[in-house]
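Order-wise, the sequence lines are chains E and C.
Here the first sequence is numbered in this note's numbering, starting from 1 and rising by one per residue.
Here the second sequence is numbered in this note's numbering, starting from 206 and rising by one per residue.
For each residue, glycine too, the CB sits at the ideal point set by N, CA and C.
None of these values were measured; they are calculated from a predicted model.
A quick write-up on the structure given underneath.
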Amino acid sequence: MNIHTNEAFGLDLKNRPDISYIANLVKPGERVLDLGCGYGELMLILKNKGVRVQGIEKDDKCIIQCVKKSLYVHHGDIDDGLKHHLDHSFDFVILNQTIQQTLNPGEIIKECLRIGKQVIIVFPNFSHWQIRTSILLSGKTPVTDLMPFHWYDTPNLHYLSGKDFEDFCDFERIKILHRAFFNRTRQIKLFPNLFATLALFVIRA
Amino acid sequence: MNPSETNESFHGSVGVVQTNVVTFESFTLEGGETITPLEIAYETYGTLNEKKDNAILICHALSGDAHAAGFHEGDKRPGWWDYYIGPGKAFDTNRYFIISSNVIGGCKGSSGPLSTNGKTGKPFQSTFPFVSIGDMVNAQEKLIRHFGIHKLFAVAGGSMGGMQALQWSVAYPDRLKNCIVMASSSEHSAQQIAFNEVGRQAILSDPNWNQGLYTQDKRPSKGLALARMMGHITYLSDEMMREKFGRKPPKGNIQSTDFAVGSYLIYQGESFVDRFDANSYIYVTKALDHFSLGTGKELTKVLSKVRCRFLVIAYTSDWLYPPYQSEEIVKSLEVNAVPVSFIELNNPAGHDSFLLPSEEQDSILRDFLSATDDGGFF
């Protein structure tokens with residue numbers, strides 16, 4: 001199961017504001033590591049921009065698709081596949097809707113900060129108003145467009161909001177360089193923790 | 206074989222082929238000794254283009270030979286990698302010029318223990334000098350130059366072939382564009398050496414061994430068959446053996462075993478003796494055991510020379526060359542910012558998986574070769 005598929009979003013990824021935001025952050029010639037790169041849509045956009053990008057993915061079907069796209073992917077688990085990378089060997093490490101699926105997000109973020117000069121982290125915002133009202137009214141674990149899974153089949157092991165992440169960075173003394181919030185079609189600037197379905201942070205150690 | 210079967214088996218085949226031998230005046234081994242002359246047995250499939258930039262070198266595994274695809278006159282079975290080499294196949298002979306050569310030290314046409322020593326007029330046998338994986342690759346390089354090819358489009362191989370491909374990438378970094386390493390390793394572990402040692406000791410303990418100076422009608426066949434039986438166990442997986450043989454009794458009249466798996470191994474051992482030389486088995490397994498690009502930081506340093514794209518394939522069920530060894534290579538390449546794709550395929554066939562038909566393997570080989578863009582890495 002991988003939430004990077006077009007099917008999961010029903011969206012053209014090229015028109016995704018969060019993807020364009022990331023693509024604008026990274027410059028041609030820079031080195032990027034995409035953790036949990038899925039079918040490689042983001043990597044392909046970056047590669048076409050002249051970025052030297054490589055990925056890690058645990059689903060072999062995804063890897064076969066990435067090779068088809070002429071992308072370089074390591075078949076492995078992020079939870080134990082980063083140790084060999086040298087300190088600050090990548091300009092960016094990207095966790096694009098990956099972090100909520102890892103076993104130990106705190107440790108992985110620290111590891112990403114070690115090997116990346118900057119880390120781009122994108123996750124579904126659990127404090128979106130639809131999720132809030134869904135829990136309040138139905139009393140059940142929410143199933144939304146962005147998190148279209150049930151409690152028993154979800155790859156998402158952790159649920160967090162933009163505010164949760166800021167608290168984490170504050171506690172760990174991680175520097176937040178940029179923050180941006182999105183829904184399906186545009187960037188959200190007003191009350192993002194309520195109205196954004198996706199939260200994006202650029203951080204560094 | 207009825208006619209329809211013939212058509213079926215020739216579908217996508219390079220057809221009837223033959224092994225050629227090219228002779229070079231002399232060749233100096235890494236150990237300093239010189240082979241005079243050097244003979245290399247090879248086959249080619251497809252056509253070398255005008256720019257000579259579409260050549261792929263296929264490297265074979267321990268018991269392989271130059272006959273990788275198509276059929277020899279009168280043969281019912283094709284070459285050892287016919288699933289993957291041919292028109293429209295992953296190594297597409299409509300696009301690429303495929304070269305497969307027999308390694309030196311072997312017994313399938315290239316210089317080795319069965320070759321005649323010019324000084325004595327007799328076969329070298331065990332007086333043939335030690336041959337390394339590096340020597341095998343250097344000899345292949347001579348063959349490539351013989352074709353006027355400066356840069357190979359790709360070097361590919363599984364198991365021992367993967368070691369040769371890996372060696373190519375560091376010995377001749379500017380002479381290949383793509384490197385494909387399957388079910389292989391940057392050096393043998395103690396366990397891999399152990400398996401080979403048992404095989405060699407089986408040969409050495411055969412009453413016909415005679416320090417390797419045996420006559421052809423009195424060869425250490427029993428020892429070589431045992432070595433092959435041992436090897437064959439490591440090429441398969443627990444799952445594969447369970448499925449194929451279980452605890453079934455042997456077929457036919459074999460008195461010396463109670464089980465189907467036993468008769469299968471006896472058959473494999475005995476048929477191997479007909480097509481392989483005991484001395485060659487020792488030379489080639491020693492070349493494997495001595496090959497070492499190191500692991501960890503040492504390997505990373507060695508692989509810093511690499512200037513080609515890499516595809517590394519491992520198999521979950523391969524317990525002879527476990528996936529961690531492939532990952533070791535991949536990690537060292539990644540630290541050197543080499544563009545590399547790594548996949549661990551979940552094929553149940555064990556080490557031999559790389560030889561067997563698999564849709565995933567086919568598409569990944571095909572697509573990796575088609576997508577030649579290096580992504581700006583070099």
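Per-residue DSSP class, three states only, for residue i
i	result
C/Lys-506	helix
C/Leu-319	coil
C/Phe-450	coil
E/Cys-112	helix
C/Arg-300	coil
E/Lys-163	helix
C/Asn-484	helix
E/Ile-188	coil
E/Tyr-72	strand
C/Ser-306	strand
C/Gly-311	coil
E/Ala-199	strand
E/Leu-177	strand
C/Phe-583	coil
C/Gly-291	strand
Straight-line gap, residue i to residue j (C-alpha atoms, nearest Å)
i	j	result
C/Phe-400	E/Ile-131	59 Å
C/Asn-225	C/Phe-352	13 Å
C/Tyr-440	E/Leu-33	35 Å
C/Ala-576	E/Ser-70	5 Å
C/Ser-461	C/Phe-481	23 Å
E/Leu-86	C/Leu-381	27 Å
C/Pro-283	C/Glu-565	22 Å
C/Ile-261	E/Ser-127	55 Å
E/Glu-172	E/Arg-186	30 Å
C/Lys-324	C/Glu-503	41 Å
E/Asn-48	E/Asn-15	16 Å
C/Phe-302	C/Met-365	22 Å
C/Ser-497	C/Thr-505	13 Å
C/Gln-345	C/Pro-454	45 Å
E/Asp-164	E/His-75	31 Å
C/Asn-524	C/Gly-326	Sequence check: residue 524 of chain C is Trp here, not Asn. C-alpha separation (whole angstroms): 43 Å.
C/Phe-515	C/Val-375	12 Å
E/Val-73	E/Asp-80	15 Å
Minimum C-alpha distance to residue i - residue among the options
i	options	result
C/Gln-473	C/Ile-438, C/Leu-493, C/Asp-463, C/Asp-379	C/Ile-438
E/Glu-30	E/Leu-46, E/Pro-17, E/Asn-15	E/Leu-46
C/Ser-268	C/Glu-392, C/Gln-345, C/Pro-334, C/Gly-314	C/Gly-314
E/Ile-22	E/Ser-70, E/Ser-134, E/Gln-118, E/Leu-137	E/Gln-118
C/Thr-298	C/Gly-581, C/Lys-423, C/Leu-574, C/Lys-427	C/Leu-574
E/Ile-99	E/Leu-35, E/Ile-176, E/Leu-190	E/Leu-35
C/Ala-432	C/Ala-465, C/Val-466, C/Leu-470	C/Leu-470
C/Glu-444	C/His-556, C/Asp-422, C/Ile-408	C/His-556
C/Gly-580	E/Thr-102, E/Val-51, E/Asn-15	E/Val-51
C/Ser-563	C/Tyr-289, C/Gly-293, C/Val-507, C/Phe-582	C/Tyr-289
E/Ile-64	E/Gly-38, E/Phe-195, E/Leu-137, E/Ile-115	E/Gly-38
C/Ile-459	C/Asn-415, C/Gly-467, C/Arg-452	C/Gly-467
C/Asp-340	C/Lys-356, C/Phe-358, C/Gln-372, C/Gly-326	C/Gln-372
Contact set for residue i: own chain, Cβ-Cβ below 7 Å, skip 5 residues either direction
i	result
C/Val-403	Met-435
C/Phe-229	Pro-242, Leu-243, Lys-347
C/Ala-370	Cys-264, Val-360, Ala-361, Gly-362, Cys-384, Ile-385, Val-386
Cβ neighbours of residue i in the same chain (closer than 6 Å, five flanking residues each side left out)
i	result
C/Thr-332	none
E/His-88	Lys-117
E/Leu-146	Pro-124, Thr-197
C/Met-387	Gly-363, Gly-367, Ile-518, Phe-559
C/Ala-395	none
C/Asn-307	Ala-246, Asp-270, Ala-271, Lys-313, Gly-314, Ser-315
C/Ile-398	Asp-494
C/Leu-508	Ser-537, Leu-538, Asn-541
E/Leu-113	Val-119, Ala-205
C/Asn-552	Tyr-520, Ser-558, Ser-563
E/Thr-5	A caution first: E/Thr-5 carries a pLDDT of 42, below 50, which makes its placement in the model too unreliable to give a value.
Neighbourhood of residue i by C-beta, 8 Å cutoff - its chain only, sequence neighbours within 5 removed
i	result
C/Pro-378	Lys-510, Val-511, Arg-512, Cys-513
C/Pro-328	Pro-318, Leu-319, Ser-320, Thr-321, Asn-322
E/Lys-189	Phe-181
E/Leu-200	Asp-18, Tyr-21, Ile-22, Ile-120, Ile-121, Val-122, His-178, Arg-179, Ala-180, Phe-181, Phe-182
C/Ser-337	Leu-234, Glu-235, Gly-236, Ala-492, His-495, Phe-496
E/Ile-174	Ile-109, Leu-113, Phe-168, Ile-203, Arg-204, Ala-205
Q. Which ranges would you report for the beta strand (DSSP E) in the segment 3–62 of chain E if only whole runs of at least 3 residues count?
A. 31–35, 52–57
Q | Whole runs of the beta strand (DSSP E) within the segment 222–279 of chain C, excluding any shorter than 3 residues | A | 225–229, 243–250, 260–264
Q. Going along the chain, which unbroken runs of the beta strand (DSSP E) with 3 or more residues stay wholly within the segment 489–562 of chain C?
A. 514–520, 545–550
Q.
Quick check for students: name the residue ranges of the alpha helix (DSSP H) that lie wholly in the segment 411–450 of chain C, counting only runs of 4 or more.
A. 426–440, 443–449
Q) Along the chain, which unbroken stretches of the beta strand (DSSP E) at least 3 residues long are found entirely within the segment 349–419 of chain C? A) 357–363, 381–387
Q: May I have a chain-ordered list of the beta strand (DSSP E) segments no shorter than 3 residues that lie completely inside the segment 74–136 of chain E?
A: 90–96, 116–124
Q) Which of the residues in the segment 563–575 of chain C, read from start to end, lie with their CB under 7 Å from any CB of chain B? A) Annotation note: the requested chain B is absent from the structure, which comprises protein chains E and C.
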